[in-house]
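In what follows, a structure is listed as structure tokens, so that the remarks can point back to it.
Residue numbers (the working numbering): 747 to 1445.
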């Protein structure tokens, strides 16, 4: 919309900055340029600036200016609840009335929508997932599309599948832009976009997109890479060094399991130490828990949050004193984004990366996780095409045999191409033909692997660390920083000391004492397996236990030894099995009468050794199950369950009639080997089956 007889943008900027940062605050270089670019009716402006530069100040000033001139409200598309909460608070400090519609405030939606219709809200923040919701689109967005004063797309790199954090729902933001009044200006912001991402986003927004880039160096950050350690040594290093790190901060891990294990080790060590509270922050927490932990860190009530990437984009604690990575992210761009949480309003913050040889396997997983596999997409589309009505995600999970998370991802990716659409009562196909673009996905994968190579260069210290990060984002002003561990030729204090061997041993003992539950599957998978619906109680396994979960650092020797090539179990595994049963016995539905071993992944010596030892210690009879099988890779849930039903049916079960069975299984990721084996034993007369899984792998 054209702004007529409005107060000057300069006066508005002075007013808003005075409220946000004090009467002496001045615009930073580039901020006024962005504001002037937004004055043009129908402007499309992409701002790429370092974290902490003040991108949000630009859109609060622009919003205030537009509202003073009688323009409509601003719609901010924001990726995370934590970011939305921070932005609502910042908008209100700027004198704007702000609200957000998200999963945590459902009860307030109607009032917010009423206030919006009445013109009483200046800023509405929504997630890209909310934009993609058909109910929201029909009820709210259609009524706003012609009257919005400004649209802001925060963390805009997520629009591009060349970006480090591509989200299919974000890609659909461009659909919203096409429904806007052509006069509505659009501002997109990010700190993490290289030239390829910038070009892709600009192409989606339109040929006349104005791109404003600034230098990405962060003078307050002192970057360091530590020597290679094994996973357990990395845990111990954090335990030893956390008290010495400045202020409070974030310890990032690559997986949820790592975040929870490291938190347990830290809490045990510092349980009685004032000022050393730590907590785990992962995507599995509900919104209230996340908000509480974010506020605890912001108020320095915790020394550190041990977090996955769930605590990332947009979290604002200006005095965050350190960021430590236990494992390197797969992309220098995502790494720059995460370390950018630190040192935003202080002169010095420490950033340390603790690499491990095992990080490459995690990188490979992340590189391919969002790349669709053509047979899976074809299967999903076949089921949807045959349906007479829209289907829910759980129904599609049951019909296709794909995991729910995979179904959701594929549906959203297909929606980007207009092949599927989400209705209030489920998903359906649109009739648009889908073609598998192998060349495009090969290119995306190649880019991700090149980024992993850049991270390897970072870990080897081949050049200034800050300069390398800037170059990965195509910053033309990249130059040596003079303060990182490469420029200095040494690790800055207090990062130099290796972990204490006694700490390594103590951490191993703590982690091996953790209890890992094995929740029994409750539903048959349908599909090629045939049976679907709830597993009858008469065929179900009891809740079980897991000794080694995933790539547990405390079991590194076992994972590279007896669990890689079948061998007799080491004594520490036997001891752990006995300790697990000792802790578990108070929760047994009944005491086992017999121990049965099942080598589901080709470890008969390992299983037999554990069964024999437990039988001797517990004075229980034992039995083997002579099964020789290798589960083919990439089976769907119905196919894997069918495989085990056929395999176990061809190998007579031991005599278990009237007995409670302790079932020892070597490995499983899906749990189908355990589930079908338990049902087979129950059919053979077992009155209960208590599973003990030696290694729960990640599929």
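For each residue, glycine too, the CB sits at the ideal point set by N, CA and C.
| Item | Value |
| --- | --- |
| Spatial neighbours of residue 1393 in its chain, beta-carbon cut-off 7 angstroms, leaving aside the 5 residues before and after | 1373 and 1375 |
| Exposed unless 16 or more other CB atoms sit within 10 angstroms - verdict on residue 1268 | exposed |
| Per DSSP, the bridge partner or partners of residue 968 | 1096 |
| Whole-number beta carbon distance between residue 1064 and residue 1034, since they are thought to touch under 8 angstroms | Incorrect: roughly 24 angstroms between the Cβ atoms, too far for contact. |
| Proximity winner among 990, 1202, 1367 and 1339, relative to residue 1242 (alpha-carbon distances) | 990 |
| Range of the contiguous beta strand (DSSP E) that encloses residue 1182 | Per DSSP, residue 1182 belongs to no beta strand (DSSP E) and is neither H nor E. |
| 3-residue-minimum beta strand (DSSP E) runs that sit fully inside the region 876-929, ordered along the chain | 896-899 |
| Alpha-carbon spacing of residue 1047 relative to residue 1026, whole angstroms | 14 angstroms |
| Simplified DSSP state of residue 1269, which is helix, strand or coil | strand |
| Inter-residue Cα distance where the pair is residue 824 and residue 766 | 20 angstroms |
| Residue range of the unbroken beta strand (DSSP E) whose run includes residue 1412 | 1406-1414 |
| One or two residues paired with residue 957 in a DSSP bridge | 792 |
| Reduced DSSP category for residue 1137 - H, G, I as helix; E, B as strand; rest coil | strand |
| Reference residue 950, options 1099, 903 and 833, closest by Cα | 903 |
| Rounded straight-line distance, which links the Cα of residue 985 to that of residue 889 | 54 angstroms |
| Bridge partner(s) assigned by DSSP for residue 845 | 870 |
| Coil, strand or helix - residue 1249 by DSSP | helix |
| Residue 1158 beta carbon less than 7 angstroms from that of residue 914 | yes |
| Pairwise C-alpha distance: residue 974 and residue 981 | 13 angstroms |
| Euclidean distance between Cα positions of residue 1174 and residue 821 | 28 angstroms |
| Of the residues 1224, 862, 1105 and 1163, the one placed nearest residue 940, counting alpha carbons only | 1224 |
| 8 angstroms Cβ shell around residue 1298 - same chain, five flanking residues per side excluded | 1003, 1007, 1257 and 1305 |
| Residues of its chain near residue 1107, where Cβ-Cβ distance is below 6 angstroms and the 5 sequence neighbours each way are ignored | none |
| Exposure of residue 1355, with buried meaning 16 or more beta-carbon neighbours within 10 Å | buried |
| Inter-residue Cα distance where the pair is residue 747 and residue 900 | Residue placement at residue 747 is poorly supported in this model, since its pLDDT is 43, which falls under 50; the coordinates still yield a value, given next. Their backbone Cα atoms lie some 21 angstroms apart in a straight line. |
| From 1360, 1345, 1296 and 1333, residue whose alpha carbon lies closest to that of residue 1323 | 1360 |
| Beta carbon of residue 929 nearer than 7 angstroms to that of residue 1078 | no |
| Check whether residue 876 and residue 896 have beta carbons under 7 angstroms apart | no |
| Inter-residue spacing [alpha-carbon to alpha-carbon] between residue 860 and residue 866 | 9 angstroms |
| Own chain partners of residue 976 with C-beta closer than 7 angstroms, once the 5 adjacent residues on each side are dropped | 1102 and 1302 |
| Same chain only: Cβ atoms within 6 angstroms of residue 1237, ignoring 5 sequence neighbours per side | 970 and 1231 |
| Backbone CA spacing between residue 760 and residue 772 [nearest angstrom] | 8 angstroms |
| Exposure of residue 1368, with buried meaning 16 or more beta-carbon neighbours within 10 Å | buried |
| Pick from 1421, 1436 and 935 that is closest to residue 1406, judged by C-alpha positions | 1436 |
| Segment limits, alpha helix (DSSP H) that includes residue 858 | 855-863 |
| Among 806, 800, 802 and 791, nearest to residue 758 - alpha-carbon criterion | 806 |
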